[in-house]
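Enquirer:
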Amino acid sequence: MPPPDNEYAPPFNLAFEQIDGNIDVAIEKFDEVVDNVRRWAWMLGVGGMWWISRNLDDVRSGLDTIIGKVNYALDHQFPVLSLITVSFSWVNDVKTPVSELSFRTTEPANENLYEWTGAAATAYRAKAGTQKNAVDETVVKSEFISGWLFGIAKENVAYAVELAKIVTDLAGKLTQAAIDTATVIDIPWAIDTLAKSAGSLVTAGLNNLLTIGERLIDAMGDVRDLATQVGDHSKLPGGLWPEAVRG
Amino acid sequence: MPPELNVVLSALRDEARKWQGLSDSMAPTKNTVTGLHLGANAFFIGEANVLVHSGAYDGFQAFMTTILGGAVTEFEQLGTALNKIADIYDEADEQVAIDLNSVYSA
Chain U
12 MPPPDNEYAP
22 PFNLAFEQID
32 GNIDVAIEKF
42 DEVVDNVRRW
52 AWMLGVGGMW
62 WISRNLDDVR
72 SGLDTIIGKV
82 NYALDHQFPV
92 LSLITVSFSW
102 VNDVKTPVSE
112 LSFRTTEPAN
122 ENLYEWTGAA
132 ATAYRAKAGT
142 QKNAVDETVV
152 KSEFISGWLF
162 GIAKENVAYA
172 VELAKIVTDL
182 AGKLTQAAID
192 TATVIDIPWA
202 IDTLAKSAGS
212 LVTAGLNNLL
222 TIGERLIDAM
232 GDVRDLATQV
242 GDHSKLPGGL
252 WPEAVRG
Chain L
3 MPPELNVVLS
13 ALRDEARKWQ
23 GLSDSMAPTK
33 NTVTGLHLGA
43 NAFFIGEANV
53 LVHSGAYDGF
63 QAFMTTILGG
73 AVTEFEQLGT
83 ALNKIADIYD
93 EADEQVAIDL
103 NSVYSA
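Protein chains in written order, with our numbering: chain U, 12 to 258; chain L, 3 to 108.
1. Taking only beta carbons into account, state which residues of the segment 64-83 of chain U come closer than 8 Å to chain L, listed in chain order.
2. Run through DSSP, which three-state label would residue 245 of chain U get?
3. Using a Cβ-Cβ distance under 8 Å, would residue 6 of chain L count as near chain U?
4. How many angstroms separate the CA atom of residue 161 of chain U from the CA atom of residue 251 of chain U?
5. Tell me which residues of the segment 38-65 of chain U have at least one Cβ-Cβ distance to chain L shorter than 7 Å, keeping chain order.
6. For the segment 220-240 of chain U, enumerate the residues whose C-beta is nearer than 8 Å to any C-beta of chain L, in chain order.
7. Excluding the 5 residues flanking residue 44 of chain L on each side, which residues of the same chain have their C-beta closer than 8 Å to its C-beta?
8. Could you give the distance in angstroms between the alpha-carbon of residue 50 of chain L and the alpha-carbon of residue 176 of chain U?
9. Measure the C-alpha to C-alpha separation of residue 91 of chain L and residue 84 of chain L and round it to an integer number of angstroms.
10. Based on the DSSP secondary-structure assignment, which residues constitute the bridge partners of residue 176 of chain L?
11. Starting from the Cα of residue 109 of chain U, find the closest Cα among L:103, L:42, L:35 and L:81 and give me that residue.
12. At what residues does the alpha helix (DSSP H) containing residue 155 of chain U begin and finish?
13. Which chain U residues sit within Cβ distance under 9 Å of residue 68 of chain L?
14. Got a sec, what are the start and stop residues for the alpha helix (DSSP H) residue 74 of chain U sits in?
15. Give the residues of chain U in contact with residue 16 of chain L, contact being defined as C-beta atoms less than 7 Å apart.
16. Could you check where the alpha helix (DSSP H) with residue 26 of chain L kicks off and where it finishes?
17. For a test of the three-state rule: what should DSSP assign to residue 48 of chain L, helix, strand or coil?
18. Just checking: is the beta-carbon of residue 25 of chain U within a distance shorter than 8 Å of some beta-carbon in chain L?
Here is the structure:
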């Protein structure tokens with residue numbers, strides 16, 4: 012059984028709320044760190060400022076990379092949300108109602124239909140059987156496509172959750188650095204801590220995002236799997252619904 | 003009219019109605035599938051080339067739309083064929099041999 016609708020959409024949306032809120036915090040706190048450093052530049056000296064600028068440039072470049080990922084993700088949030096909805100729709104609005112028709116195809120509406128004999132009756136029963144097979148095949152194909160989309164939805168949720176974690180952690184480090192750089196005596200230590208921690212969290216986070224991207228491609232599988240579903244005509248001759256009636 | 007024929011005729015008419023009902027039930031599902039479109043940007047919030055998979059999904063969705071549209075038509079026509087058979091029996095007053103090619107064609 013596929014998971015209920017609320018297994019994917021709520022954590023996905025929650026992750027985006029965190030991303031949206033914390034990326035603003037991260038940017039604001041980075042600017043605050045820069046302001047703090049500038050305020051004390053006269054005390055930090057040329058050498059000190061050179062060292063600080065170099066470290067802050069690294070932090071900024073990491074932050075810029077993450078902002079790029081965030082903007083790309085935000086642009087795709089609603090389209091991917093529609094993929095989540097569509098994956099459930101294949102089950103709830105296609106597979107379930109179609110599967111409910113299966114039994115009725117071969118079950119006579121009136122038991123007295125069994126009194127009907129002869130070639131026309133035999134032909135009819137064969138046709139009803141073919142229609143049932145086609146109905147059942149449609150159920151199998153709907154199940155297949157929803158499973159395929161669930162796999163994709165799952166990795167998108169994982170990606171959003173990981174991106175939210177990176178952004179939240181980064182916002183935390185920058186918030187701490189903004190506090191620590193308020194006093195000049197702590198600036199060199201605070202910048203050193205920030206550069207190291209932000210650098211390693213961005214590197215690790217990007218690696219995780221890359222892994223999730225690879226998993227998503229794996230989940231999509233070979234594009235031929237989808238083509239095979241379309242091309243399997245054993246119960247749907249010529250890729251069409253079997254004709255009960257010619258023309 | 004022989005009583006057995008009456009029984010068969012009403013069973014055939016009920017069966018015809020069943021298929022028309024099945025056709026009516028399939029129609030909204032077909033419309034649903036028509037609406038299950040996904041743009042190429044709907045597959046991943048990260049960066050990856052998913053164009054080929056997005057295209058394959060489009061093909062699958064189009065295929066299912068055709069299939070279900072076919073079901074709506076065939077169910078309806080099967081109902082009509084059963085009514086035709088009932089009409090022939092009714093006319094002849096017995097379960098006569100039927101030219102199946104003429105009955106099972108629209």
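All C-beta atoms in this analysis are idealised placements derived from N, C-alpha and C, irrespective of residue type, glycine included. Note that this is a predicted model, so its numbers are computed, not measured.
Expert: The relevant details are as follows:
1. 80 and 83
2. coil
3. yes
4. 26 Å
5. none
6. 220, 223, 224, 227, 228, 231, 234, 237, 238 and 240
7. 56
8. 21 Å
9. 11 Å
10. Residue 176 of chain L cannot be examined here, being either before or after the span of chain L that is shown, 3 to 108.
11. L:35
12. 130-191
13. 250, 251 and 252
14. 52-100
15. 120 and 121
16. 5-36
17. coil
18. no
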